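Student: Take this structure first; my questions come after.
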Amino acid sequence: MTWVGTSWKMNRLLAGARSYAAALRDHDWSAVRRAGVQPFVVPPATALDTVRTTLGSATPVLLGAQDAHWEDAGAWTGELSVPQVADAGARLVELGHSERREHFAETDRTVNLKVHAVLRHGLRPLVCVGEPDEVRGRGGGVDHVVAQAVAALDGVPADRRAHVLLAYEPVWAIGEHGRPARPEDVAPVVAALADLHPGPVLYGGSVSPANAAALLDVPHVDGLFVGRAAWEPEGLLALLELAAGRTA
Ligand code: PGA
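Heads up: the sequence shown runs through residues 7 to 254, numbered per this note's numbering.
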């Protein structure tokens, strides 16, 4: 199976969430389904219920949350629990994105606690791992990313591991100022991740229609996690159809 999805990050109000979801609802999914491509969308938590309701039950799109706390409930002002995001429609939970690690004190330890919480409730963790530019510059990229993945999966029983999605997202490739990664940058890291992890390994960071096919061709890349290029529904749908065409 090939996974192709997007996080909207901190974008879209409810009206915009509705129009995005309506475009997905009205899409002809036959090629994507036939090819075994799994679409997913990770809106802000405020829009989860709206997106779920607008999509209805006729699309293959899985919904995700951008984060969730490791406790199920309690005095954690400003946080959302896994049961809460599941209740709003999430079936997967993104964890450990570099923006959260950089700006919101996310650590390997909290990512690991959250992985356990997400699995406990039967959702799929989507764990982002990736090295900063200076680590890559001194040749430590693979070790850094492997250490993040090992920490995230610590204590996860063997029979649950395949349920976890990993996304290799080099920090230097993400966002407006990111440098698109070349297939040869991605290959050794993804091979090392696939070696330790039985579940899907995705690539994310400046994915676009120009580089998507080459990135999907990298051995052990099981999908794409997309930001800006899929912030309009046409962008996501184009990447999904591209992935479907490639596996058809
Ligand atoms: P980008 O974001 O595609 O806009 O670089 C990727 C990500 O943060 O996952």
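A virtual CB, placed ideally from N, CA and C, is assigned to each residue, including glycine.
Note that the structure is predicted; figures quoted are calculated from it, not measured.
Taking the C-alpha atoms as reference points, what is the distance between G251 and L86?
Tutor: Looking at the two C-alpha atoms, the distance is approximately 38 angstroms.
Student: Classify H183 as buried or exposed, calling it buried when 16 or more other Cβ atoms lie within 10 Å of its own Cβ.
Tutor: Per the 10 Å Cβ criterion, exposed.
Student: Would you mind giving the Cβ-Cβ distance between L68 and L98, rounded to the nearest angstrom? I have them listed as a contact below 8 angstroms.
Tutor: That pair is a contact at about 6 angstroms.
Student: Tell me the DSSP secondary structure of H75 in three-state form.
Tutor: Three-state DSSP puts H75 in a strand.
Student: I think L221 touches P194, with their Cβ atoms under 8 angstroms apart; what is that distance to the nearest whole Å?
Tutor: Not a contact, Cβ separation roughly 14 angstroms.
Student: Enumerated in chain order, which unbroken segments of the alpha helix (DSSP H) with a length of 4 residues or greater are wholly contained in the region 179-208?
Tutor: Entirely contained in the region 179-208, the alpha helix (DSSP H) runs reaching 4 residues are, in chain order, 189-202.
Student: First and last residue of the alpha helix (DSSP H) that includes E240?
Tutor: 239-253 is the extent of the alpha helix (DSSP H) around E240.
Student: Give the range of the alpha helix (DSSP H) segment to which L101 is assigned.
Tutor: No alpha helix (DSSP H) contains L101, which is instead part of the beta strand (DSSP E) from 98-101.
Student: Taking the DSSP output, what are the residues bridged to R130?
Tutor: Looking at the DSSP assignment, R130 forms a beta bridge with L98.
Student: Quickly, what does DSSP pair S13 with across the bridge? List them, please.
Tutor: Answer is V48.
Student: Let me check understanding here. Comparing Cα to Cα, which of A235, S214, G241, G205 lies closest to V227?
Tutor: The candidate whose alpha carbon is nearest that of V227 is G205.
Student: Does the distance between the C-beta of G184 and the nearest non-hydrogen atom of the ligand PGA fall short of 6 angstroms?
Tutor: G184: yes, Cβ under 6 angstroms from the ligand PGA.
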